[in-house]
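The structure under discussion appears below in the form of structure tokens.
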Amino acid sequence: MPKIVDHEKQRKRIAEATWAVIMRDGIEKATVRNIAKEAGMSAGALRYYFSSQSELLAFSMKLVSERVRKRIEAIPRSTPPLEGIKRCLLEILPLTDETKKEMEVWLVFTQRALWDSELQPLSEQIYNELQTAIKRLLELLRNLGLLRPDVSIELETERLYALVDGLAMHGIMQPDKLSPSQMEEIIEYHLRSICR
Numbered sequence: 001m002p003k004i005v006d007h008e009k010q011r012k013r014i015a016e017a018t019w020a021v022i023m024r025d026g027i028e029k030a031t032v033r034n035i036a037k038e039a040g041m042s043a044g045a046l047r048y049y050f051s052s053q054s055e056l057l058a059f060s061m062k063l064v065s066e067r068v069r070k071r072i073e074a075i076p077r078s079t080p081p082l083e084g085i086k087r088c089l090l091e092i093l094p095l096t097d098e099t100k101k102e103m104e105v106w107l108v109f110t111q112r113a114l115w116d117s118e119l120q121p122l123s124e125q126i127y128n129e130l131q132t133a134i135k136r137l138l139e140l141l142r143n144l145g146l147l148r149p150d151v152s153i154e155l156e157t158e159r160l161y162a163l164v165d166g167l168a169m170h171g172i173m174q175p176d177k178l179s180p181s182q183m184e185e186i187i188e189y190h191l192r193s194i195c196r
């Protein structure tokens, strides 16, 4: 009887092997052969699931986005609004081993997307989705009467996006400079500064 293979599970396993190779050896070593070896399969078997390195990297990045989205969706609806918004923003930051790994993969992916035309649309899509999510969080604060009336949603979207992006970058590039608790404190401080 032929073996039944869960294709989506295999693709996720390959994506995680990709992350492992990138984290350990760098993006330049994230070749089909090295990733296949990490995943415990032949290069031919890997090519069955992904026809190119760009396709594999794109899937790996989508998996990062999906993980973040699932963690945000798991925040209980009963959480007070300001706390819930803070928790959503914290899910994007490298505060745990898991989120550090995700952010490291994201930075490598972003760098690669600068010159890989196959990855640029996905990079832009993910950035736009994050920006839209931040804008929606601010609109929620306004609709709940929590946002100060003088705060411009458009400007604050850009400012909060830059803050989160900067904290994520510092958390990866200079992990000894800002602890997870300091990053959380900065987010709390910023939210308090724009709320009543």
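Residue numbers for the sequence shown, in the working numbering: 1 to 196. All C-beta atoms, glycine included, are put in the ideal place defined by N, C-alpha and C.
Between the options, which has its C-alpha nearest residue i's C-alpha?
i, options, result
"Leu93", "Cys195, His170, Asp176 and Lys9", "His170"
"Ile134", "Arg77, Ile153 and Gln120", "Ile153"
"Ala20", "Thr132, Glu124 and Val108", "Val108"
"Val32", "Gln125, Asp97 and Arg47", "Arg47"
"Ser51", "Glu118, Gln182, Ala168 and Asp6", "Glu118"
"Arg13", "Glu38, Gly26, Met173 and Ile27", "Glu38"
Tell me, which residues are paired with residue i by DSSP?
i, result
"Leu147", "Cys195"
Within its chain, find whatever has a CB closer than 7 Å to the CB of residue i; leave out the 5 residues flanking it on each side and keep chain order.
i, result
"Gln10", "Tyr49"
"Ala15", "Phe59, Ser60 and Leu63"
"Gln131", "Thr157 and Tyr161"
"Ile194", "Leu147, Arg148, Val151 and Glu156"
"Ile22", "Ala30, Val105 and Val108"
Kindly give me the distance between the Cβ atoms of residue i and residue j, rounded to whole angstroms, as I take these residues to be in contact under 8 Å.
i, j, result
"Leu95", "Pro180", "4 Å"
"Ile85", "Leu137", "5 Å"
"Thr18", "Ala30", "6 Å"
"Leu178", "Leu167", "7 Å"
Given residue i, which residues of its chain have a CB within under 8 Å of its CB, disregarding the five upstream and five downstream residues?
i, result
"Leu122", "Ala58, Met61, Lys62 and Ala113"
"Glu129", "Ser65"
Say whether chain B places a C-beta atom closer than 8 Å to the C-beta of residue i.
i, result
"Lys135", "Any reference to chain B falls outside this structure, which holds one protein chain only."
For residue i, which residues from the same chain have a beta carbon less than 6 Å from its beta carbon, with the 5 sequence-adjacent residues on both sides left out?
i, result
"Tyr116", "Reading off the sequence, residue 116 comes out as Asp, not Tyr. Within the same chain, Asp116 has close Cβ partners Ser54."
The region 128 to 145 / the region 54 to 62 touching (three or more Cβ pairs under 8 Å): no
Any 3 or more C-beta pairs closer than 8 Å across the region 97 to 104 and the region 37 to 53: By the Cβ test, the region 97 to 104 is not in contact with the region 37 to 53, since fewer than three Cβ pairs between them sit closer than 8 Å.
Cβ contact (3+ pairs, closer than 8 Å) linking the region 80 to 90 and the region 185 to 194: Touching, yes.
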